[in-house]
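*Asks:* Residue numbers (the working numbering), protein chains in the order written: chain A, 1 to 106; chain B, 1 to 410.
Attaching a single structure in structure tokens format; questions to follow.
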Amino acid sequence: MAKITYVEFNGKEHVVDVKTGLSVMEGAVKNNIPGIDADCGGACACATCHVYVDQAWVDKTGSQSAMEESMLDFAENVEPNSRLSCQIKVTDELEGLVVRMPQSQH
Amino acid sequence: MNEPGAGVVIVGGGHAGGSAAAFLRQDEYEGPITIIGEEPIAPYQRPPLSKAWLKGEADADSLALRPDSFYAEAHIALRLSTTAISIQRAARTVTLEGGETVAYDTLILATGARARTLDLPGADLEGVQVLRSAADAEVLKLALGPGKRLAVIGGGYIGLEAAASARALGAEAVVIEALPRILARSSCELLSDFFTDYHKARGVTFELGATIVGFAGERGHVTGVKLADGRVIACDDAVVGIGIIPNDELARDAGLECSNGVVVDLEARSADPAIFAIGDVTQRPLPLYARSHRLESVANALEQARQAAAAIAGRPAPPHEVTWNWSDQYDIKLQLAGLAVDTDDILVRGDPATAKFAVFHLKGSVIRAVEAINAPAEFMAGRQLIGSQKPIDRAKLADRAVSMKEVAVR
């Protein structure tokens with residue numbers, strides 16, 4: 001279990017406990033947090049679960065896979081700390097993780 | 001007409017219906033929401049049923065769209081194992097099997113589609129099944145494993161995914177297709193050939209151009225598929241994947257315009273302003289292609305769920321999306337965008353022999369559709385270019401040394 005803070009584009013924060021083994025995307029969807037659409041359900045097929053990982057957590061959340069990198073290349077408003085949240089697995093080490101959402105996933 | 005305050009009633013508890021309820025709450029709609037679903041379980045994702053779930057890589061929790069606790073917390077009444085049998089538009093009520101009526105201010109029809117079945121001798125044998133629901137998938141999963149042989153009837157995406165999953169579980173698989181090539185309805189010949197070869201190399205056999213006349217069985221269970229040429233293709237289970245039929249009867253009986261699905265506008269609204277329809281059951285406009293179409297995809301279900309939720313909650317309409325879909329088979333990720341209609345040429349980028357390439361369907365120098373195999377950049381850039389209708393430089397698009405970024409900016 002890890003406490004994760006999801007910050008909507010408008011600044012609204014959602015702090016939820018997410019089970020270890022789920023993805024950061026699943027943590028948002030299961031709690032009906034707006035702003036992470038995840039249309040493909042985590043198959044890395046759609047790039048609609050784009051988040052910005054808080055700078056303090058960039059190393060701990062790992063690096064982009066080749067597939068993810070190619071998908072993000074064409075997403076809107078991509079930053080160096082952009083990730084597809086379906087590709088970040090929740091571990092105990094991510095207790096306190098903060099991710100922010102882009103203006104739109106589409 | 002009933003008093004205002006009856007809220008939104010959603011008929012259909014699938015991907016579209018469940019998502020519409022969730023989006024209404026995300027859009028801060030505060031009225032009552034009721035989901036009426038025929039299946040015994042809360043809304044779940046169907047795509048993994050032929051892919052990750054069938055292979056044992058995903059559990060029931062991960063199939064669920066939202067945890068069971070979500071519905072109570074969000075004040076969404078979830079009425080499962082419940083069938084709606086008619087709509088009274090003037091009274092704004094839905095009648096359920098058993099006679100109860102449920103009042104609505106706004107109705108969302110998310111009744112989806114059902115798998116087409118074969119009306120042939122032996123089709124009622126045990127082991128002959130479709131793959132549409134979680135219950136179907138449970139039965140199929142039990143039938144797959146080493147020493148088992150699966151007959152896949154219909155060489156469409158659902159069948160090919162089932163064949164790939166069967167192989168992953170150690171079962172044999174044979175694909176029986178009536179047309180001379182697989183994916184004939186949805187894809188170009190090059191893609192059909194690529195997938196046929198890819199499956200063959202992984203042990204799947206094919207019977208193409210084969211007419212099925214019935215099923216053979218012993219003690220009530222299927223043992224083979226009978227072909228018109230007299231052969232019987234032995235199998236332990238047969239999965240029929242020959243398309244789906246929209247469940248638009250409720251709408252039709254209520255006098256709503258239907259034409260291979262409930263006719264809706266770009267807000268997912270039917271001709272009755274109090275009734276929306278979303279997902280596989282709709283015949284919807286596709287402005288980019290100057291036509292209406294019935295799409296069968298999660299992306300479409302979600303787009304229309306967002307449209308309906310925004311309209312009902314009084315939010316700005318969400319942006320229009322380019323239709324897209326995906327398929328997972330073995331280590332192949334196929335991503336599709338757009339519709340290959342009104343096209344005059346096909347351009348292939350990359351070498352199919354490397355299992356990393358994309359097929360672009362063009363009208364002049366405008367991309368209308370893309371089929372990308374392990375080629376996410378081609379898919380993402382293609383989807384954007386389909387939406388913008390920006391002409392591209394064909395020579396650059398054909399040249400893998402030129403990045404898709406450069407193709408996109410021209």
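We put the CB at the ideal spot given by N, CA and C, even for glycine.
Below 6 Å CB to CB, which residues in the same chain sit around Asp154 (chain B) once its five sequence neighbours on both sides are set aside?
*Replies:* The residue labelled residue 154 (chain B) in the question sits at position 154 within the second sequence. Going by the sequence as given, residue 154 (chain B) is Gly instead of Asp. Cβ neighbours of Gly154 (chain B) beyond the five flanking positions: Gly241, Ile242.
*Asks:* Would you please verify whether the beta carbon of Asp328 (chain B) is less than 8 Å from any beta carbon of chain A?
*Replies:* Stepping through the second sequence from its first residue, residue 328 (chain B) is reached at position 328. So, interface residue.
*Asks:* Between the segment 309 to 341 of chain B and chain A, which residues of the former have CB atoms less than 8 Å from a CB of the latter, in chain order?
*Replies:* Going along the segment 309 to 341 of chain B in chain order, one finds Pro318, Pro319, Glu321, Trp324, Trp326, Asp328, Lys333, Gln335 with a Cβ nearer than 8 Å to chain A.
*Asks:* Once DSSP output is grouped into helix, strand and coil, what is the label at His15 (chain B)?
*Replies:* By 1-based counting over the second sequence, the position of residue 15 (chain B) is 15. Note: His15 (chain B) maps to helix in three-state DSSP.
*Asks:* Closer than 6 Å by C-beta to Leu94 (chain A): which residues in its own chain qualify, once you throw out the five before and the five after it? Chain order, please.
*Replies:* Mapped onto the first sequence, residue 94 (chain A) falls at position 94. These residues qualify, in order along the chain: Ala2.
*Asks:* For chain A, is any of its Cβ atoms less than 8 Å away from the one on Met1 (chain B)?
*Replies:* For the purposes of this step, residue 1 (chain B) is taken as residue 1 along the second sequence, with counting starting at 1. Residue confidence is low: Met1 (chain B) scores 46 on pLDDT, short of 50, so the model does not pin down where it sits. Its coordinate-derived value is still stated next. No, because no Cβ of chain A sits closer than 8 Å to the Cβ of Met1 (chain B).
*Asks:* Tell me the rounded alpha-carbon separation between Pro43 (chain B) and Arg394 (chain B).
*Replies:* Here the question's residue 43 (chain B) lines up with position 43 in the second sequence. Here the question's residue 394 (chain B) lines up with position 394 in the second sequence. So the two alpha carbons sit approximately 44 Å from each other.
*Asks:* Excluding five sequence neighbours on each side, which residues of the same chain lie with their C-beta closer than 6 Å to the C-beta of His412 (chain B)?
*Replies:* Here chain B covers residues 1 to 410 and nothing more, so residue 412 (chain B) does not appear.
*Asks:* Which first and last residues belong to the beta strand (DSSP E) in which Arg83 (chain A) is found?
*Replies:* Sequence index remark: in the first sequence, residue 83 (chain A) carries index 83 (1-based). It spans 82 to 84 - the beta strand (DSSP E) in which Arg83 (chain A) sits, taken as one unbroken run.
*Asks:* Which first and last residues belong to the alpha helix (DSSP H) in which Arg92 (chain B) is found?
*Replies:* Within the second sequence, the letter at position 92 stands for residue 92 (chain B). Per DSSP, Arg92 (chain B) belongs to no alpha helix (DSSP H) and is neither H nor E.
*Asks:* Going by DSSP, name the residue or residues bridged to Glu218 (chain B).
*Replies:* If you number the second sequence from 1, residue 218 (chain B) lands on position 218. DSSP lists B:His221 as partners of Glu218 (chain B).
*Asks:* To be precise: take each residue of the segment 363 to 390 of chain B, compare its Cβ to all Cβ atoms of chain A, and keep it if any distance is under 7 Å. Which residues remain?
*Replies:* Within the segment 363 to 390 of chain B, the residues whose Cβ lies closer than 7 Å to some Cβ of chain A are Pro376, Ala377, Met380, Ala381, Gln384, listed in chain order.
*Asks:* List the residues of chain B whose Cβ lies closer than 8 Å to the Cβ of His106 (chain A), in chain order.
*Replies:* Residue numbering aside, residue 106 (chain A) sits at position 106 when the first sequence is read from its first letter. The answer, in chain order, is Pro318, Pro319, Glu321.
*Asks:* Comparing the C-beta of Leu49 (chain B) with each C-beta of chain A, is any distance below 8 Å?
*Replies:* On the second sequence, position 49 is the one that residue 49 (chain B) refers to. False, the Cβ-Cβ gap to chain A never drops below 8 Å.
*Asks:* Can you find a C-beta in chain A that's less than 8 Å from the C-beta of Leu298 (chain B)?
*Replies:* Along the second sequence, one-based indexing puts residue 298 (chain B) at 298. The sequence given here has Val at residue 298 (chain B), not Leu. Chain A, which has a Cβ nearer than 8 Å to the Cβ of Val298 (chain B), makes this yes.
*Asks:* Looking at the secondary structure, which residues open and close the beta strand (DSSP E) in which Gln329 (chain B) lies?
*Replies:* Within the second sequence, residue 329 (chain B) is the residue found at index 329, counting from 1. Run containing Gln329 (chain B): 324 to 329, per the beta strand (DSSP E) assignment.
*Asks:* Tell me whether Asp387 (chain B) sits in a helix, a strand or coil according to DSSP, three-state version.
*Replies:* In the second sequence, residue 387 (chain B) corresponds to position 387, counting from 1. In the sequence on display, residue 387 (chain B) carries Gly and not Asp. Helix.
*Asks:* Output needed for Gly230 (chain B): all residues of its chain with C-beta closer than 8 Å, excluding positions within five of it in sequence on either side, in chain order.
*Replies:* Residue mapping note: residue 230 (chain B) aligns to position 230 of the second sequence, counting from 1. Excluding sequence neighbours, Gly230 (chain B) sits near nothing in its chain.
*Asks:* Can the beta-carbon of Leu109 (chain B) be found closer than 8 Å to that of Leu295 (chain B)?
*Replies:* Position 109 of the second sequence, counted from the start, is the residue given in the question as residue 109 (chain B). Position 295 of the second sequence, counted from the start, is the residue given in the question as residue 295 (chain B). No, they are not a contact pair.
*Asks:* In this structure, what does DSSP give as the bridge partners for His50 (chain A)?
*Replies:* Taking the first residue of the first sequence as position 1, residue 50 (chain A) is located at position 50. Note: His50 (chain A) sits in a beta bridge opposite A:Leu84.
*Asks:* Answer yes if the segment 201 to 212 of chain B comes into contact with the segment 173 to 183 of chain B, meaning at least three C-beta pairs across the two stretches below 8 Å, and no otherwise.
*Replies:* Touching, yes, given that three or more Cβ pairs across the two stretches are closer than 8 Å.
*Asks:* For Gln55 (chain A), name the three-state secondary structure that DSSP assigns.
*Replies:* Taking the first sequence and counting its residues from 1, the one referred to as residue 55 (chain A) is at position 55. Three-state result, Gln55 (chain A): helix.
*Asks:* Could you tell me the alpha carbon to alpha carbon distance between Asn77 (chain A) and Pro246 (chain B), rounded to whole angstroms?
*Replies:* Start at 1 with the first residue of the first sequence, and residue 77 (chain A) comes out as number 77. Start at 1 with the first residue of the second sequence, and residue 246 (chain B) comes out as number 246. Whole-angstrom Cα-Cα distance: 38 Å.
*Asks:* Say yes only if the C-beta of Gly224 (chain B) is nearer than 7 Å to one or more non-hydrogen atoms of the ligand NAP, and no if none qualify.
*Replies:* Because no ligand of any kind appears in the structure shown, any question about the ligand NAP cannot be addressed here.
*Asks:* Using beta carbons (cut-off 8 Å, strictly below), is Ala2 (chain A) in contact with chain B?
*Replies:* Residue numbering aside, residue 2 (chain A) sits at position 2 when the first sequence is read from its first letter. Chain B contact via Cβ: absent.
*Asks:* Checking the sheet assignment: what are the DSSP bridge partners for Ile244 (chain B)?
*Replies:* In the second sequence, the residue the question calls residue 244 (chain B) occupies position 244. Paired residues: B:Ala115.
*Asks:* Looking at the C-beta of Phe9 (chain A), does it have a partner C-beta in chain B at a distance below 8 Å?
*Replies:* Residue mapping note: residue 9 (chain A) aligns to position 9 of the first sequence, counting from 1. It does not: the Cβ of Phe9 (chain A) has no partner Cβ on chain B nearer than 8 Å.
*Asks:* Report the partner residues of Tyr6 (chain A) according to the DSSP bridge assignment.
*Replies:* Reading the first sequence from its first residue, position 6 is the one you call residue 6 (chain A). According to DSSP, Tyr6 (chain A) bridges with A:His14, A:Val99.
*Asks:* Given that a residue counts as buried once 16 or more other Cβ atoms are within 10 Å of its Cβ, and exposed if not, what is Asn10 (chain A)?
*Replies:* On the first sequence, residue 10 (chain A) is found 10 positions in, with the first residue counted as 1. Exposed, since its Cβ has fewer than 16 Cβ neighbours within 10 Å.
*Asks:* Counting Cβ pairs closer than 8 Å, one from the segment 44 to 60 of chain A and one from the segment 353 to 362 of chain B, do we hit at least three?
*Replies:* Output reads no: the segment 353 to 362 of chain B does not touch the segment 44 to 60 of chain A.
*Asks:* State the DSSP-derived secondary structure class of Asp345 (chain B), mapped to helix, strand or coil.
*Replies:* Your numbering for residue 345 (chain B) matches position 345 in the second sequence. If DSSP states are grouped into helix, strand and coil, Asp345 (chain B) belongs with the strands.
*Asks:* With contact counted as at least three CB pairs below 8 Å, one residue from each stretch, are the segment 30 to 46 of chain A and the segment 297 to 316 of chain B in contact?
*Replies:* Touching, yes.
*Asks:* Quick one, are the C-beta atoms of Ala216 (chain B) and Arg149 (chain B) less than 8 Å apart?
*Replies:* Taking the first residue of the second sequence as 1, we reach residue 216 (chain B) at position 216. Taking the first residue of the second sequence as 1, we reach residue 149 (chain B) at position 149. Contact flag unset, no.
*Asks:* At the 8 Å Cβ level, is Leu302 (chain B) part of the contact set with chain A, yes or no?
*Replies:* Taking the first residue of the second sequence as position 1, residue 302 (chain B) is located at position 302. Output row for Leu302 (chain B): interface = yes.
*Asks:* Can you look up Asp236 (chain B) in the DSSP assignment and give me helix, strand or coil?
*Replies:* To locate residue 236 (chain B), count along the second sequence from 1; it is residue 236. Three-state DSSP puts Asp236 (chain B) in coil, outside helix and strand.
*Asks:* Going by other Cβ atoms of all chains shown within 10 Å of its Cβ, with 16 needed for buried, is Gln45 (chain B) buried or exposed?
*Replies:* Translated into positions along the second sequence, residue 45 (chain B) becomes position 45. Burial call: buried.
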